[in-house]
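Everything in the sequence shown is counted per full-length UniProt numbering, starting at 1 for the first residue and increasing by one. Glycine included, C-beta positions come from ideal geometry on N, C-alpha and C.
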Amino acid sequence: MTHVEMPGARVPIRMWTDPGTVEDAALRQLQNVATLPWIKGLAVMPDVHYGKGATVGSVIAMHGAVCPAAVGVDIGCGMSAVRTSLTANDLPGDLSRLRSKIEQAIPVGRGMHDEPVEPGDVHGLPTSGWDDFWARFGGVAESVRFRQERATKQMGTLGGGNHFIEVCLDTDGQVWLMLHSGSRNIGKELADFHIGQAQKLPHNQGLVDRDLAVFVADTPQMAAYRHDLFWAQEYAKYNRALMMGLLKDVVRKEFKKAKPVFEETISCHHNYVAEERYDGMDLLVTRKGAIRAGSGEFGIIPGSMGTGSYIVKGLGNAASFNSASHGAGRRMSRNAAKRRFSERDLAEQTRGVECRKDSGVVDEIPGAYKPIERVIDQQRDLVEVVAKLRQVVCVKG
1 MTHVEMPGAR VPIRMWTDPG TVEDAALRQL QNVATLPWIK GLAVMPDVHY GKGATVGSVI
61 AMHGAVCPAA VGVDIGCGMS AVRTSLTAND LPGDLSRLRS KIEQAIPVGR GMHDEPVEPG
121 DVHGLPTSGW DDFWARFGGV AESVRFRQER ATKQMGTLGG GNHFIEVCLD TDGQVWLMLH
181 SGSRNIGKEL ADFHIGQAQK LPHNQGLVDR DLAVFVADTP QMAAYRHDLF WAQEYAKYNR
241 ALMMGLLKDV VRKEFKKAKP VFEETISCHH NYVAEERYDG MDLLVTRKGA IRAGSGEFGI
301 IPGSMGTGSY IVKGLGNAAS FNSASHGAGR RMSRNAAKRR FSERDLAEQT RGVECRKDSG
361 VVDEIPGAYK PIERVIDQQR DLVEVVAKLR QVVCVKG
């Protein structure tokens, strides 16, 4: 970990990467965040890169304030993974049918279910809390309430971009199921609404970057944001749980003879806010592209499609606010990746993985991301590796 001092910063910036490898635009964002009056700490993960307002791969601790743009527009985005009783020997040589069945069961991209999927329709999925969760939708921002039907139909869907569903093998040949998604369109609309509201507030008018507008404690605007924020984080949690249930059902049907058994699911947000206490102070800790890595807590750090992923256990490092990276992190923008790489490059870099290899996902090519092994090595004081996985099926929107 390196301490970086910047002009005007109210706190030192703790970095789990070489500052010389961080692009100038991201460094400026980190400096801007560190000048905010409410900040009490800033930790930078090894997958750090430029984002909207705040960098992806940053952990921001504030007292009495929260910055919506530092959460990201996909509120509650995160990962879920589960180890199964299946092994590599149970998998067929051609995995295209399995991929197709997954895509039939779980809508991807902008797709949604024809009718809302109820938890009771999915084998083994708990139904408690579901009705209360949807009842609280009536309290979200009025401008977004008309999206309720869409939100119910998108529950249990993947989305696009860097979201994925994977079938993986660990180094012992055990089959894992893994997925990455968030709060879909409803989370984005709530985020966009509240970012716009924050930018109008008087105390934000003198900020160096209007995207860093905050809500402050004990105001109606903060109360409204906290309600919608925590509701959207719960939506993301339910969304992943429902998808994992649908994914398990596909595996049960496809491997009926093997009678697959599933261990307890590991799940973690990596775009969210949590109320935590450090140095005797109650803080709002925003993790944007970072997971919580408290002592003994399991987490998931995925690589890009075709490069492998890691199941980790947190070491509880308070210097990072008990955090770790959320993935490999981009080393070039989507547009830059499209200019640099071709479909042929994508096919070569994802050899051995049953996945899309067309122009629509070239921006997700492994070469557009940082090497996941290096990212893991840079945070050995934050997490310990429990399992290393490699993808054999990758579904993307």
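Q: Excluding the 5 residues preceding and the 5 following Arg136 in the sequence, name in chain order all residues of the same chain whose CB lies nearer than 7 Å to its CB.
A: Here residue 136 is taken as the residue at index 136 of the sequence shown, counted from 1. For Arg136, where only same-chain residues beyond five positions count, the Cβ hits under 7 Å are Trp231.
(Q) Using the Cβ count rule (16 or more neighbours within 10 Å means buried), how would you classify Gly352? (A) In the sequence shown, counting from the first residue as 1, residue 352 sits at position 352. It is exposed - the Cβ of Gly352 has fewer than 16 other Cβ atoms within 10 Å.
Q) Do the segment 169–176 and the segment 188–195 make contact, defined as three or more Cβ pairs closer than 8 Å? A) Segments in contact, no.
Q. Taking Leu242 as the reference, which of Val362, Pro202, Gly124 and Leu86 has the closest Cα?
A. Here residue 242 refers to the residue found at position 242 of the sequence shown. Per the C-alpha coordinates, the member of Val362, Pro202, Gly124 and Leu86 positioned closest to Leu242 is Gly124.
Q) Taking just the CA atoms, how far does Leu207 sit from Asn32? A) Here residue 32 refers to the residue found at position 32 when the sequence shown is read from its first residue. Here residue 207 refers to the residue found at position 207 when the sequence shown is read from its first residue. When rounded, the distance between both Cα atoms is 9 Å.
Q.
If I follow the unbroken beta strand (DSSP E) through Ile13, where does it start and stop?
A. Working through the sequence shown from its first residue, we reach residue 13 at position 13. For Ile13, the enclosing beta strand (DSSP E) covers residues Ile13 to Met15.
Q: Check the C-beta distance from Ala258 over to Leu95 and give it rounded, since I have them as a contact under 8 Å.
A: Here residue 258 is taken as the residue at index 258 of the sequence shown, counted from 1. Here residue 95 is taken as the residue at index 95 of the sequence shown, counted from 1. That pair is no contact at about 15 Å.
Q: Give a yes or no on whether the C-beta atoms belonging to Ile266 and Ile300 are separated by under 8 Å.
A: Here residue 266 is taken as the residue at index 266 of the sequence shown, counted from 1. Here residue 300 is taken as the residue at index 300 of the sequence shown, counted from 1. Less than 8 Å divides the Cβ of Ile266 from the Cβ of Ile300.
Q) How about Val117 and Met62: do their beta carbons lie closer than 8 Å? A) Here the question's residue 117 lines up with position 117 in the sequence shown. Here the question's residue 62 lines up with position 62 in the sequence shown. Against a cut-off of 8 Å, the Cβ pair of Met62 and Val117 comes out as no contact.
Q: Can you tell me which of Val56, Gly76, Ile39 and Pro68 puts its alpha carbon nearest to the alpha carbon of Gly47?
A: The count along the sequence shown starts at 1 and reaches residue 47 at position 47. Here residue 47 is Asp; the residue named in the question, Gly, does not match the sequence. Per the Cα distances, Val56.
Q) Straight-line CA distance for Asn162 to Tyr369? A) Position 162 of the sequence shown, counted from the first residue, corresponds to residue 162. Position 369 of the sequence shown, counted from the first residue, corresponds to residue 369. Distance between the alpha carbons of Asn162 and Tyr369 is about 11 Å.
Q) Can you give the beta carbon distance from Lys40 to Met281, rounded, assuming they're within the 8 Å contact cut? A) Sequence index remark: in the sequence shown, residue 40 carries index 40 (1-based). Sequence index remark: in the sequence shown, residue 281 carries index 281 (1-based). Between Lys40 and Met281, the beta carbon gap of about 7 Å places them in contact (Cβ cut-off 8 Å).
Q.
Per DSSP, what are the beta-bridge partners of Ala290 in this structure?
A. For the purposes of this step, residue 290 is taken as residue 290 along the sequence shown, with counting starting at 1. Its beta-bridge partners are Ser325.
Q. So, using beta-carbon positions, are Thr157 and His113 closer together than 8 Å?
A. As a working mapping, residue 157 is identified with position 157 in the sequence shown. As a working mapping, residue 113 is identified with position 113 in the sequence shown. Against a cut-off of 8 Å, the Cβ pair of His113 and Thr157 comes out as a contact.
(Q) Do Ile311 and Ala387 count as a contact pair if the criterion is CB distance below 8 Å? (A) Counting from 1 along the sequence shown, the entry for residue 387 is found at position 387. Counting from 1 along the sequence shown, the entry for residue 311 is found at position 311. Cβ atoms of Ala387 and Ile311: closer than 8 Å.
Q: Consult DSSP for Thr307 and reduce its assignment to one of helix, strand or coil.
A: Counted from its first residue, the sequence shown places residue 307 at position 307. In the three-state scheme derived from DSSP, where H, G and I count as helix and E and B as strand, Thr307 is classed as coil.
Q: Tell me whether the beta-carbon of Ile75 lies closer than 8 Å to the beta-carbon of Asn271.
A: On the sequence shown, residue 75 is found 75 positions in, with the first residue counted as 1. On the sequence shown, residue 271 is found 271 positions in, with the first residue counted as 1. Yes, these two residues count as a Cβ contact at 8 Å.
Q. From what residue to what residue does the alpha helix (DSSP H) around Pro220 run?
A. In the sequence shown, residue 220 corresponds to position 220, counting from 1. For Pro220, the enclosing alpha helix (DSSP H) stretches over residues Pro220 to Glu254.
Q | Residue range of the alpha helix (DSSP H) that includes Ser100 | A | Here residue 100 corresponds to residue number 100 of the sequence shown, with the count starting at 1. Ser100 -> alpha helix (DSSP H) spans Ser96 to Ala105.
Q. Would a C-beta distance cut-off of 8 Å place Lys101 and Val250 closer than the cut-off?
A. Taking the first residue of the sequence shown as 1, we reach residue 101 at position 101. Taking the first residue of the sequence shown as 1, we reach residue 250 at position 250. Yes; because the gap between Cβ atoms is below 8 Å, this pair is in contact.
Q) From Ser183, Arg83 and Leu27, pick the residue whose C-alpha is nearest to that of Val261; which is it? A) Stepping through the sequence shown from its first residue, residue 261 is reached at position 261. Restricting attention to Ser183, Arg83 and Leu27, the CA atom closest to the CA of Val261 is found in Arg83.
Q) Measuring CB to CB, does Gly160 end up less than 8 Å from Gly129? A) By one-based count along the sequence shown, residue 160 stands at place 160. By one-based count along the sequence shown, residue 129 stands at place 129. Gly160 is not a Cβ neighbour of Gly129, given a cutoff of 8 Å.
Q. What residues match up with Ile301 in a beta bridge as DSSP calls it?
A. Within the sequence shown, numbered from 1, the residue matching residue 301 stands at position 301. DSSP lists Tyr310 as partners of Ile301.
Q: Could you name the residues that DSSP lists as bridge partners for Trp176?
A: Translated into the one-based positions of the sequence shown, residue 176 becomes position 176. Per DSSP, Arg83 and Cys168.
(Q) Considering only the alpha carbon of each residue, which of Pro366, Glu166 and Glu142 lies closest to Glu348? (A) In the sequence shown, the residue the question calls residue 348 occupies position 348. For Glu348, the nearest C-alpha among the options comes from Pro366.
Q) Along the chain, where does the alpha helix (DSSP H) that runs through Gln379 open and close? A) In the sequence shown, the residue the question calls residue 379 occupies position 379. Segment: none, Gln379 is in no alpha helix (DSSP H) and carries neither H nor E.
Q. Got a sec, what are the start and stop residues for the beta strand (DSSP E) Val59 sits in?
A. Counting from 1 along the sequence shown, the entry for residue 59 is found at position 59. Following the DSSP letters along the chain, one finds Val59 inside the beta strand (DSSP E) bounded by residues Val56 to Met62.
Q | Where Thr157 falls: helix, strand or coil (DSSP) | A | On the sequence shown, position 157 is the one that residue 157 refers to. Taken through DSSP and simplified to helix, strand or coil, Thr157 comes out as coil.
Q | Reduced DSSP category for Gly333 - H, G, I as helix; E, B as strand; rest coil | A | Working through the sequence shown from its first residue, we reach residue 333 at position 333. Per the sequence presented here, residue 333 reads as Ser, with Gly not at that position. Ser333 falls in the coil class under three-state DSSP.
**Q.** Anticipated Cβ contact below 8 Å, Ile376 with Val385, distance rounded
**A.** Counting from one through the sequence shown, the residue named residue 376 turns up at place 376. Counting from one through the sequence shown, the residue named residue 385 turns up at place 385. Distance from Ile376 to Val385 at the Cβ level is roughly 7 Å; contact confirmed, criterion being Cβ atoms closer than 8 Å.
Q: Output the distance between the C-alpha atoms of Gln197 and Ala65, rounded to the nearest integer angstrom.
A: Taking the first residue of the sequence shown as 1, we reach residue 197 at position 197. Taking the first residue of the sequence shown as 1, we reach residue 65 at position 65. C-alpha of Gln197 to C-alpha of Ala65: approximately 14 Å in a straight line.
Q.
Going by C-alpha to C-alpha distance, which of Ala81, Ser320, Val361 and Met244 sits closest to Asp121?
A. If you number the sequence shown from 1, residue 121 lands on position 121. That would be Met244, whose Cα lies nearest to the Cα of Asp121.
Q) How is the beta strand (DSSP E) around residue 463 delimited, first residue to last? A) In this structure the chain extends from 1 to 397, so residue 463 is not present and cannot be described.
Q) Would the beta-carbon of Gly139 fall within 8 Å of that of His203? A) Against the sequence shown, residue 139 aligns to sequence position 139. Against the sequence shown, residue 203 aligns to sequence position 203. Contact annotation: Gly139 and His203 have beta-carbon atoms that are not nearer than 8 Å.
Q) Can you tell me whether DSSP reads His270 as helix, strand or coil? A) Against the sequence shown, residue 270 aligns to sequence position 270. In the structure shown, His270 sits in coil (DSSP, three-state: anything other than H, G, I, E or B).
**Q.** Helix, strand or coil at Gly196 according to DSSP, with G and I counted as helix
**A.** In the sequence shown, residue 196 corresponds to position 196, counting from 1. Correct three-state label for Gly196: helix.
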